[in-house]
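Student:
In this note's numbering, the protein residues as written are 28 to 443.
#1: For residue 398, report the span of its beta strand (DSSP E) as first-last.
#2: With distances taken Cα to Cα, identify the nearest neighbour of residue 283 among 277, 132, 186 and 271.
#3: Determine the direct distance from the alpha carbon of residue 407 to that of residue 215, and round the result to whole angstroms.
#4: Is the stretch 184–191 touching the stretch 106–122 in the sense that three or more CB pairs, one from each, lie closer than 8 Å?
#5: How big is the Cα-Cα spacing for residue 151 and residue 176?
#6: Between 227, 330, 138 and 148, which has its C-alpha nearest residue 233's C-alpha?
#7: Sorry if obvious, but does the Cβ on residue 353 come closer than 7 Å to a heavy atom of the ligand PLP?
#8: How is residue 167 classed by DSSP in three states: helix, strand or coil?
#9: Buried or exposed: where does residue 360 fall if 16 or more other Cβ atoms within 10 Å of its Cβ makes it buried?
#10: Tell whether a beta-carbon distance below 8 Å holds between residue 21 and residue 319.
#11: Any contact between the stretch 109–126 and the stretch 433–442? By contact I mean 3 or more CB pairs, one from each, below 8 Å.
#12: So, are the CB atoms of residue 494 and residue 301 less than 8 Å apart?
#13: Write down every uninterrupted run of the alpha helix (DSSP H) in the stretch 333–410 whose length is 4 residues or greater and which is fully enclosed by it, in chain order.
#14: Which same chain residues, not among the five before or five after residue 287, have their C-beta less than 6 Å away from its C-beta?
#15: Relative to the C-alpha of residue 346, which residue among 381, 259, 434 and 217 is closest?
#16: Just verifying my parser: in three-state terms, what is the DSSP assignment at residue 262?
#17: Would you kindly work out how many angstroms separate the C-alpha atoms of residue 40 and residue 94, rounded to a whole number?
#18: Near residue 375, what residues of its chain come up, given a Cβ to Cβ distance below 6 Å and the 5 sequence neighbours on each side ignored?
#19: Only counting the same chain, and skipping five residues up and downstream in sequence, which positions put a Cβ closer than 8 Å to that of residue 6?
#20: For residue 243, which option in 430, 427, 229 and 99 has the closest C-alpha, if you only look at C-alpha atoms?
#21: Would you call the CB atoms of residue 445 and residue 73 closer than 8 Å?
#22: Rounded to a whole number of angstroms, what is the C-alpha to C-alpha distance between residue 289 and residue 310?
#23: Assuming residue 68 is part of the alpha helix (DSSP H), what are its boundary residues?
#24: Could you have a look at residue 248 and say whether DSSP puts it in helix, strand or coil?
#25: Any contact of the stretch 78–94 with the stretch 121–139, i.e. 3+ C-beta pairs under 8 Å?
#26: With 16 as the cutoff for other CB atoms within 10 Å, does residue 371 come out buried or exposed?
#27: In three-state DSSP terms, what is residue 282?
#28: Pull up the DSSP beta-bridge partners for residue 312, would you.
#29: Could you spell out the range, first to last residue, of the beta strand (DSSP E) harbouring residue 217?
#30: Using the Cα positions of residue 400 and residue 278, report the straight-line distance between them to the nearest angstrom.
#31: How long is the line joining the alpha carbons of residue 240 and residue 427, rounded to whole angstroms?
#32: Exposed or buried, which one is residue 379 when buried takes at least 16 other CB atoms within 10 Å?
#33: If you run the structure through DSSP and keep just helix, strand and coil, what is residue 288?
#34: Excluding the 5 residues preceding and the 5 following residue 173 in the sequence, name in chain order all residues of the same chain whose CB lies nearer than 6 Å to its CB.
#35: Below 8 Å between beta carbons: does that hold for residue 200 and residue 178?
Here you go:
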C-alpha cells in the first residue's frame, strides 16, 4: 500500500488516532447524547426498517465526525480521506466513515486551510484521467470560495502537478487556487465512474512559511471539537432528510443546482424519497441532457449509503445499460426484478434517492434534464418496462456483483 493514493501512512495514522479519540469520555458522552437527540428531533420519524440500520449507520456518521474534526488545524494540514468503508489496520478495526448523502463514486479528501497562510499542493494523476475531479475551497458554511477543475490541471511529463494556494493573483503560475479571509477548507472530489479503471490522484500538502506560532489542540480540546461536529452532522442530516421527505413519496422533483451548502458547482441533484411494499417496484426514467457523469444512489435515513460494494445499492452511468434513445431506466424494488439496472435498497422498503448529473459539454444542462418515476406491481413489471430494457439472469447477476466488489476494493486495499 506504500504507493496507494488513498491508503497512505498519513491516512492510517490519522485513522488510528481517531479510534483512540472516540474513546475519550467527552466523545463517548456525545455519542449517547447525539443519538438520543437525533431520534427525538428527527422529522419525520424513522421507519422500522430505518431504525434497524441505526446502530451501524450512526457509528459511521459519528466516526466520520471524528475523522474530519481531527483534521482542522490549518497550520498542520493533512490530506485525509473521509467516507471510507470499514476496514482493519492490523488488529485495529477502523469503522466506516460515510455521511451526508455520500456519493459512492467519490473519493472525498479534506485539507484545512487558513486565508492568512500560503500552501502548495502536489500530486500526480493516473494514466486514465478522472471523469470528474474538483478542488473546492470552502468557507466554514460550505460555500465555495474558489474551485479548480482538475481536468484543467497543467501537468509535467510524468503526470505530476503543483497547485499554489494563497490570496495573490495567479500570475504566471500554472495551477492556482485564490484564497480569501473566509477560506476554511479544501473539499476534493475524485470521481471514479469506472471502478475497475479510474484511480484517485496522489495528493500531498505543504504549508509555506515559518513554523506554527501556536500549539496543536490538546486531546481534551480536540474531543470538545469532535463532540460539536457530531451534533452538527446530526443536524445537517435532519435538514437533508427534510428536503427529501417534505416532497411527495415516490416522486423525483426537488432539484438542487448551486455551489453552496456542500453542493458542487455545475452539478445538478434531484432529491426524493421512496416507500415501497414487498410486491412493488419504482421505475425511474432518466434523461442525462448530455451529462458526461450520472449516478443514482440510495441513502438511508441516517445519511449513509447502504451496501455499495457487494450489492447494487447505487448505479452510475458506466455500470448501467443505456436505452436505445440514450435515456436510462432503473428499477428500485426489494426483490431482484431481473432487470440489469436494479438499484437494490438492501432490504429497506424506504429510503432517499439523490440523483446526480455533472460534466455537461456546454457547461450547463439542457432543458431535457430530469427524471420521472412511477410505482407498479412487481407482478406487472414486465408490462410496464420499455421493450429495450436490459434483463439479467441469476448467473449474470452473480457475475455483476462479483466484478463490482473487486472493482470497488481497488480503493480499499486494506481489506485485500
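No residue lacks a Cβ here, since even glycine has one placed at the ideal position from N, Cα and C.
Tutor: Judging by the given coordinates:
#1: 397–404
#2: 271
#3: 44 Å
#4: no
#5: 15 Å
#6: 148
#7: This structure lacks the ligand PLP, and indeed carries no ligand of any kind.
#8: coil
#9: buried
#10: Since the first and last residues shown for the chain are 28 and 443, residue 21 lies out of range.
#11: yes
#12: No answer is possible for residue 494: the residues shown for the chain start at 28 and end at 443.
#13: none
#14: Note on residue 287: pLDDT 49, under 50, position unreliable in the model; no value is reported.
#15: 434
#16: helix
#17: 11 Å
#18: 76
#19: Past the edges of the chain, shown from 28 to 443, lies residue 6, and the structure says nothing about it.
#20: 99
#21: In the structure displayed, the chain extends from 28 to 443; residue 445 sits before or after that span and is not available.
#22: Confidence in residue 289 is poor, its pLDDT being 46 and thus under 50, which makes the residue's placement unreliable; the coordinate value appears in the next sentence. Distance between the alpha carbons of residue 289 and residue 310: 29 Å.
#23: 52–68
#24: helix
#25: yes
#26: buried
#27: strand
#28: 356 and 399
#29: 212–218
#30: 6 Å
#31: 54 Å
#32: buried
#33: Any reading at residue 288 must be qualified, since the residue scores a pLDDT of 46, below 50, and its modelled position is unreliable; no value is offered.
#34: 164, 204 and 205
#35: no
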